[in-house]
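**Q** Residue numbers (my numbering): 382 to 588.
Positions of the beta carbon are idealized from the N, C-alpha and C atoms, including for glycine.
All values reported here derive from a predicted model rather than from experimental measurement.
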DNA sequence: CTCCCGATAT
DNA sequence: ATATCAGGAG
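1) Leaving out five residues on either side along the sequence, give the residues of the same chain with a beta carbon under 6 Å from the beta carbon of residue 430.
2) The alpha helix (DSSP H) that contains residue 502, what's its start and end?
3) Do you know how far the Cα of residue 498 is from the Cα of residue 474?
4) How far does the alpha helix (DSSP H) with residue 432 in it reach, from first residue to last?
5) Can you give the Cα-Cα distance for residue 538 and residue 530, rounded to whole angstroms?
6) So residue 471 is in the alpha helix (DSSP H); what residue range does that whole segment cover?
7) Given this structure, state the Cα-to-Cα distance separating residue 487 from residue 467, to the nearest angstrom.
8) Indicate whether the contact test is met: 3 or more Cβ pairs, each with one atom in the stretch 575-584 and one in the stretch 406-423, closer than 8 Å.
9) With DSSP collapsed to three states, give me the class of residue 556.
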């Protein structure tokens with residue numbers, strides 16, 4: 382796959398170019414972060430940020446969201462993909478937070494994954510963003526970037542995550558953010574900007 | 001595996 | 001017209 386020397390060079394360059402990288406989702410607290418990440422599935426951060434101001438005004442916390450009218454909630458999020466499922470999951474999630482976790486959104490992976498609409502990837506992103514957990518989360522960007530760089534040949538996000546954790550070991554949270562932003566703006570799916578990529582000397586997929 | 005399913009770029 | 005966007009549930 383990749384030599385240890387190559388991996389360390391790629392890691393160092395990501396950290397150098399994206400020090401302090403942060404999600405582009407807007408949020409003010411853990412509740413808002415979780416909702417924003419849940420909405421962002423197969424949807425751009427920009428679109429989510431257009432939705433959340435009115436959404437958080439209508440439902441500022443888990444208690445108000447738990448009592449939300451389903452149709453009203455759908456109206457607020459219907460410009461985002463899979464909004465029918467997401468609306469149902471948001472209300473279920475809020476009810477679980479109240480009934481199973483005393484109204485506080487849990488901050489451990491096992492508990493987060495029990496919430497409706499929250500899988501491993503969403504749980505990891507919340508933990509990475511909220512408390513800088515040393516975790517990797519593999520979304521479509523991280524999957525594409527790591528495969529183009531030859532860091533993984535795994536066929537699933539879960540297996541790719543294991544490869545990336547083995548390769549990088551530390552500073553996974555910053556590396557996650559770095560790979561997302563790099564994938565979104567430079568190592569794009571459709572027209573990657575290889576000519577202006579800081580990794581083009583070492584990339585195996587240079588186009 | 002399939003279904004969910006709107007906005008945007010190309 | 002088609003591919004893609006911080007995936008998850010059944």
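**A** Once the coordinates are examined:
1) Contacts found: 407.
2) That run of the alpha helix (DSSP H) goes 501-512.
3) Each residue's Cα considered, the two are about 7 Å apart.
4) For residue 432, the uninterrupted alpha helix (DSSP H) run begins and ends at 426-439, by DSSP.
5) Each residue's alpha carbon lies about 15 Å from the other.
6) The continuous alpha helix (DSSP H) containing residue 471 extends over residues 464-482.
7) One C-alpha to the other measures close to 19 Å.
8) Too few Cβ pairs lie closer than 8 Å, so no.
9) Assigned with DSSP and collapsed to three states, residue 556 falls in helix.
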